[in-house]
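Residue numbers (my numbering): 192 to 481.
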């Protein structure tokens, strides 16, 4: 097997670096938004009449712009979550690489846009329980659905990943598992500067599978009906939660209560069907990285 690499790095991979998390204490707030010294409480949100949600409005289908308006799964879900407080939900478009420092600077109250759990983030950020799945899965051509039903079907075939992505990080372990199960690894792993380039190679037959998050792959399938199939159970289960500051305990408890309520009445799954075309398996707790 050979690995082909290029020189790009992704915003979401960059965020995982601990240096950005440690920079939170020195980040500058937006004008008129001084850094907070006290925890965010529900009473304070009600008094302000608004809850501010930090997002990256370029991450379909979670948060993105449609005719100038920020829309998406997280937008609909945030409105459902905070409805009992009777406040306006304001979405603040923020560069993803600086979203955690901006949270600690007081620029907004919570982070959405699929903030996945990592050991580094859980140590620095307060989190709700999962509200969306972030497992890495594999996109294949629909014509290969009968032959590539799981990872074993990729033995001797070519895998595509985005440089610096979770799929890129996983490739070595996937190779090891493939060899252990079938005696044969990938023919090649090709790395691309972005996922669209990998999808194009998949459609052209240059690669046989592309790794990305489940939520993102569902969007690819919606954009090209009948062209692709998602192969599940490729990577370890992971999810995303709503991010807060560590000290915002009351807010975290509220978020957990609301997510559980929306799971119980099915509202969260209806939103998943609307935006992803499928329902997701949500853990009832934050992953343990100890």
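Glycine is no exception: its CB is placed at the ideal position from the N, C-alpha and C atoms.
Residue nearest to residue i in terms of C-alpha spacing, selected from the options
i: residue 259; options: 249, 267, 399 and 265; result: 249
i: residue 424; options: 273, 340 and 313; result: 340
i: residue 428; options: 279, 456, 477 and 481; result: 477
i: residue 229; options: 475, 440 and 384; result: 440
Contacting residues, own chain, Cβ-Cβ under 7 Å from residue i (five flanking each side not counted)
i: residue 257; result: none
i: residue 338; result: 344
i: residue 408; result: 328, 330 and 421
i: residue 413; result: 468
i: residue 304; result: 246, 247, 250, 253, 254 and 265
Cβ-Cβ distance between residue i and residue j below 8 Å
i: residue 350; j: residue 398; result: yes
i: residue 266; j: residue 442; result: no
i: residue 330; j: residue 459; result: no
i: residue 462; j: residue 264; result: yes
i: residue 294; j: residue 434; result: yes
i: residue 378; j: residue 348; result: yes
i: residue 289; j: residue 436; result: no
Distance between residue j and residue i (C-alpha atoms, nearest Å)
i: residue 400; j: residue 465; result: 26 Å
i: residue 386; j: residue 392; result: 10 Å
i: residue 314; j: residue 438; result: 12 Å
i: residue 430; j: residue 274; result: 24 Å
i: residue 299; j: residue 406; result: 25 Å
i: residue 235; j: residue 241; result: 9 Å
i: residue 255; j: residue 306; result: 15 Å
i: residue 308; j: residue 394; result: 31 Å
i: residue 323; j: residue 334; result: 29 Å
i: residue 445; j: residue 375; result: 49 Å
i: residue 292; j: residue 321; result: 22 Å
Closer than 8 Å to chain B by CB, residue i
i: residue 480; result: Looking for chain B here will not work: only one protein chain is present.
Close-in-space but distant-in-sequence residues of the same chain around residue i (CB under 6 Å, 5 per side omitted)
i: residue 402; result: 327, 329, 352 and 358
i: residue 473; result: 321
Assumed close pair residue i, residue j - CB separation to whole angstroms, cut-off 8 Å
i: residue 282; j: residue 302; result: Not quite, the Cβ-Cβ distance comes to about 11 Å (not below 8 Å), so this is no contact.
i: residue 276; j: residue 237; result: 6 Å
i: residue 451; j: residue 319; result: Contact doesn't hold; Cβ gap of about 10 Å is too wide.
Own chain residues within Cβ distance below 8 Å of residue i, not counting five before or after
i: residue 373; result: 343 and 346
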